[in-house]
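As numbered in the numbering used here, the sequence shown has no gaps in its residue numbers, which increase by one up to the final residue, 368. Backbone N, C-alpha and C fix where the C-beta goes; we use that ideal spot for every residue, glycine too.
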Amino acid sequence: MTKRHDWTKEEIIALYNKPLMELLYEAATIHRQHHDPNVVQVSTLLSIKTGGCPEDCGYCPQAARYHTDIEGNDLMTVQQVKAQALRAKSGGSSRVCMGAAWRNVKDGPEFDQVLEMVRTINKLDMEVCCTLGMITENQAKRLAEAGLYAYNHNLDTSEEYYKEVISTRGYEDRLATIDNVRKTNVTVCSGGIIGMGESTEDRVGMLVALASLNPQPESVPINALVAVEGTPMEEEKPVEIWDMIRMVATTRIVMPETQVRLSAGRTQMTREGQAMCFFAGANSIFAGDKLLTTPNPDVNEDMKMFETLGMIPQKPFTKVSQPKTVEAADSEYQSLGEKPRWTRPVHTIERNLEASGKKV
């Protein structure tokens, strides 16, 4: 199948709503044309700075304004991150994704520390991914120079429904950050969450936005909302496995070369449900007992599942060659002390305001 960037919402809705067996067959066929169906890329997600985020994302327990039981922590040290990366490597992960609860990257000592973490992990012959909020072009270039393999910045949902989830940043800022990453050799990881109260049209709208990017993201995480007490979405019902399977299969068809990641929400899925997602085209997972702050299946459980299904973890740098690391002293790009004016929309979201006022 030829890769397309001109998918319409109507075309993707028709795909999503196909009889399930037809949808699965089409997705599995396309998957086998572009990927080894028995190989799954395994990433470990590490929260290097937890809690205290100034944003109001309705799904996120790390937002400072919501009353959750998340324990915040300052930025981890380089040595702590290295130890976690080695542990992840021994457990079968080929990639470490570091997440910091920031609105956007600010030049200074903390960002310099993150750059050193990137250098350290790349030297362990592991792929390094970061999700740090919005970044400028110069910051993207500094990350690339340090040896960053991928940058994650999710669109979360459709542009229309986005306004019902987040009021503290604009959708266009997400696209601008992805555009800044594309000015480097760093790959893009961008997906979203289902189960936030959105419609099928919103799920499809997100896929239209992602598939329209040229090039399309190298990795697309599909998350099922993990409703956390204290967040505005605490009462949302868990996503049906059939919705997850349909979303994975549709993503695979519209983005045939992308690695589709089965992300948050796997603890609520049976092995059989996960197997159907792999058959539908998912070929990447997050391993480890936590995804930033929410539960995730144990690594040993995942390896048992792989053994049952006859699957093996993907080796690092299979899709894109390993980036070179430039040491800080030899860096071409320096801190500019930038203070970019990322947008702050003026609308309010009622349920986010209500959750902000609740006490535990």
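Can you tell me where the alpha helix (DSSP H) holding residue i begins and where it ends?
| i | result |
| --- | --- |
| Gln87 | 86–98 |
| Gln121 | 117–130 |
| Val41 | The sequence shown places Gln at residue 41, rather than the Val named in the question. Its alpha helix (DSSP H) spans residues 28–42. |
| Ile143 | Looking at the DSSP string, Ile143 is not in any alpha helix (DSSP H), and its letter there is neither H nor E. |
| Leu215 | 208–220 |
List the endpoints of the continuous beta strand (DSSP E) containing residue i.
| i | result |
| --- | --- |
| Ile202 | 200–202 |
| Ala290 | 290–295 |
| Gly107 | 103–108 |
| Ile157 | The amino acid at residue 157 is misidentified as Ile; the sequence shows Tyr. Looking at the DSSP string, Tyr157 is not in any beta strand (DSSP E), and its letter there is neither H nor E. |
| Ile230 | 227–232 |
| Asp57 | Correcting the residue type first, residue 57 is Lys in the shown sequence and not Asp. Its beta strand (DSSP E) spans residues 47–57. |
| Leu270 | 267–270 |
Assuming the contact rule is C-beta atoms closer than 8 Å, residue i and residue j should be a hit. Round their C-beta distance to whole Å, please.
| i | j | result |
| --- | --- | --- |
| Leu233 | Met204 | 5 Å |
| Pro264 | Gln41 | 7 Å |
| Arg5 | Ala22 | Past the edges of the chain, shown from 9 to 368, lies residue 5, and the structure says nothing about it. |
| Thr165 | Asp210 | 5 Å |
Do you know offhand how far residue i's Cα is from residue j's?
| i | j | result |
| --- | --- | --- |
| Gln342 | Ala148 | 11 Å |
| Ala219 | Asp187 | 14 Å |
| Met134 | Val212 | 33 Å |
| Thr10 | Glu118 | 43 Å |
| Asp360 | Thr37 | The sequence shown places Asn at residue 360, rather than the Asp named in the question. If I take the Cα positions, the gap works out to 42 Å. |
| Thr185 | Leu53 | 20 Å |
Buried or exposed for residue i, please, with buried defined as at least 16 other CB atoms from any protein chain shown within 10 angstroms of its CB.
| i | result |
| --- | --- |
| Ala290 | buried |
| Pro27 | exposed |
| Val173 | buried |
| Thr432 | This structure cannot settle anything about residue 432, because the visible part of the chain is limited to 9 through 368. |
| Arg177 | buried |
| Ser175 | buried |
| Val354 | exposed |
| Arg352 | exposed |
| Ala71 | buried |
| Ser55 | buried |
Establish whether the CB of residue i and some CB of chain C are separated by less than 9 Å.
| i | result |
| --- | --- |
| Glu226 | The chain inventory of the structure shown lacks chain C, comprising one protein chain alone. |
Touching by the beta-carbon criterion (3+ pairs, under 8 Å), the stretch 228–244 and the stretch 268–275: yes
At least 3 beta-carbon pairs within less than 8 Å: the stretch 336–350 vs the stretch 282–289: no
At least 3 beta-carbon pairs within less than 8 Å: the stretch 85–95 vs the stretch 318–336: no
At least three beta-carbon pairs within less than 8 Å, the stretch 45–62 to the stretch 108–117: yes
Touch test, the stretch 156–163 against the stretch 183–197, Cβ-Cβ under 8 Å, three pairs minimum: yes
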